[in-house]
Amino acid sequence: MITLKEALNLPAEEISSLRNELKREIENKKEINAYVALDESGDGVPLLVKDNIQVKGWNVTAASKILQGYVAPYDATVIEKIKSAGLAPFGRANMDEFAMGSSTESSYYGKTLNPHDHERVPGGSSGGSAAAVAAGVAIAALGSDTGGSIRQPAAFCGIVGMKPTYGRVSRWGLGAYSSSLDQIGPMTQNVEDAAILYDIISGHDRRDSTSADIKYAPVTPNLDPKRELTIAVVENYIEGASLDIQKGYETAIKALEGEGHKIVRKKMMGAKYDIAAYYIIATAEASANLSRYDGIRYGNRAEGVEDLKDLYLKTRSEGFGEEVKRRILLGSFVLSSGYYDAYYLKAQRVRHLIKNEFEEIFKEADLILSPVAPTVAFKFKEMANPLQMYLSDAYTVGVNLAGLPAISLPVMKNSDGLPVGLQLIGKHFDEQTLFDGALSLENAVAYE
Ligand code: GLN
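In our numbering, the protein residues as written are 635 to 1082.
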């Protein structure tokens, strides 16, 4: 598939043949189930959109039964922005229901397959976006990342996925999961395309009160892989990862040293605290955000009800899947009066500590190199126990809790041909350094 950069330089008359070629490819590789619908909006360069981003006139559903029949009345800010940049939303990407998951197994539309091995998950929750780009059935895609949902599927599928600094990209029109963590970001074939798409969707938006009103300079014109950077590696992080990931990590460190970067070794509190704080905060916010789906204003409404309470009860019982219900229950529990201090408040304090810990490292380093997931793509149903699945988010959720930007990119394949992805983490609003470092790593490892 041609790159986003190339597609944006195509003459207008070639875009419709590109579109037709894309449709043929999608049909040929239908079994991957990366697309839940082939909706189109406009004639620009086709860009795949995760099913939780509002595109006017589309049945945007967050891969949930409860939103069947809902028609988005407006475009998300990122959609307005891509349209003015000559792109056109094309297709809704499969995902975990309401972006809750790490495998895309919880979608109402059925699972998406990992293009490298159909018995394995593509990651999640933006699994459809990642699988489509990896399989050559999308030029690029938009995903959303609350606790790793862009970076982890990118790593599992061997593509590039980037989560911007919290506040850099408008959340207006993104179906809310956990509002203090959610960010939309690019999922692409290479680092340069990610920078291009990131530049297109970034910037202040007064419709999102958490959007940062600070000066924004595009990164693409200034991309410089030759800058010499100080990169921290977190020694104690890697111990919990599989041998494949450890090998990828060592390969990347050598490659970065070879490019002239300085490596410093650090330690962090780590996963145990990150996971606990994340799953308290994310579920708390989710339980509040999802209270709006009650059968009155949006999508599906249960039939044969007796009164209003019955309508709420039946609509929500029928409309939400098991994982979403679990999280609403968890979130309501941690916010309930008797437990608020013990869980929610404590989690907020831990979040603060995590932020401080990153800041301490960034006094010395420009970037941090870390695994994305403890393993390569796992098999379907391998994570049958929800807690086991949550634990697999060990390396990604801390970045969201701290609001930092990060980019995931493939560095090698294991002996089964499965991609090994790693992430670079940057300072708040220093996406330039993040992309510079990522481009340098991409060049050095020459992943094919
Ligand atoms: N896997 C994490 C979760 O299930 C992250 C999801 C996301 O980033 N949307 O919450």
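Note that the Cβ used here is the ideal one computed from N, Cα and C, for glycine as well.
Just reading off the beta strand (DSSP E) that residue i is part of, what are its end residues?
i: Phe1014; result: Careful: Phe1014 lies outside any beta strand (DSSP E) and carries neither H nor E.
i: Leu747; result: Neither: Leu747 is in no beta strand (DSSP E) and is coded neither H nor E.
i: Gly777; result: 775-779
i: Met796; result: 794-797
Rank the options by C-alpha distance to the C-alpha of residue i and give the top, closest one.
i: Gly781; options: Val1054, Gly725, Met1023, Leu1073; result: Met1023
i: Ser586; options: Glu1082, Val1033, Val1079, Thr1067; result: The first residue shown for the chain is 635 and the last is 1082, placing residue 586 beyond what the model contains.
i: Val771; options: Leu808, Ala646, Leu652; result: Leu652
i: Ala875; options: Asp751, Ala1028, Asp1050; result: Ala1028
i: Trp806; options: Leu1052, Lys715, Val825; result: Lys715
i: Gly1037; options: Arg841, Glu1076, Glu993, Ala1078; result: Glu993
i: Asn748; options: Asn662, Ala646, Ala1011; result: Ala1011
i: Val1031; options: Ala920, Val1079, Thr822, Tyr913; result: Tyr913
i: Ala1080; options: Val1045, Ala668, Pro756, Gly1060; result: Val1045
i: Thr854; options: Arg840, Leu877, Val825; result: Val825
At a threshold of 8 angstroms, does residue i count as lining the ligand GLN (C-beta to nearest heavy atom)?
i: Gly678; result: no
i: Ile784; result: yes
i: Ser845; result: no
i: Asn1034; result: yes
i: Gly1037; result: no
i: Gly904; result: no
Pull up the distance between the alpha-carbon of residue i and that of residue j, whole angstroms please.
i: Thr1009; j: Gly1071; result: 23 angstroms
i: Ile830; j: Leu1056; result: 21 angstroms
i: Arg700; j: Leu857; result: It is worth fixing the name first, because residue 700 is Ile in this sequence and not Arg. Taking the straight line from one Cα to the other gives about 43 angstroms.
i: Ile660; j: His986; result: 44 angstroms
i: Gly725; j: Ile915; result: 31 angstroms
i: Lys997; j: Val868; result: 15 angstroms
i: Thr1067; j: Ser1074; result: 11 angstroms
i: Leu963; j: Pro787; result: 26 angstroms
i: Phe954; j: Gly761; result: 19 angstroms
i: Ser650; j: Thr844; result: 38 angstroms
i: Ala697; j: Tyr704; result: 12 angstroms
i: Tyr974; j: Ile909; result: 18 angstroms
i: Phe1069; j: Leu681; result: 21 angstroms
i: Arg926; j: Ala920; result: 11 angstroms
Check for me: the alpha helix (DSSP H) holding residue i runs from which residue to which?
i: Glu869; result: Run containing Glu869: none; DSSP gives neither H nor E here.
i: Arg960; result: 956-969
i: Lys906; result: 905-923
i: Val712; result: 711-718
i: Leu863; result: It is not in any alpha helix (DSSP H) - Leu863 carries neither H nor E in the DSSP assignment.
For residue i, name the three-state secondary structure that DSSP assigns.
i: Asp928; result: coil
i: Met1023; result: helix
i: Val803; result: strand
i: Gln1057; result: strand
i: Ala1007; result: coil
i: Ser1074; result: helix
i: Glu674; result: strand
i: Gly770; result: coil
i: Ser951; result: helix
i: Leu682; result: strand
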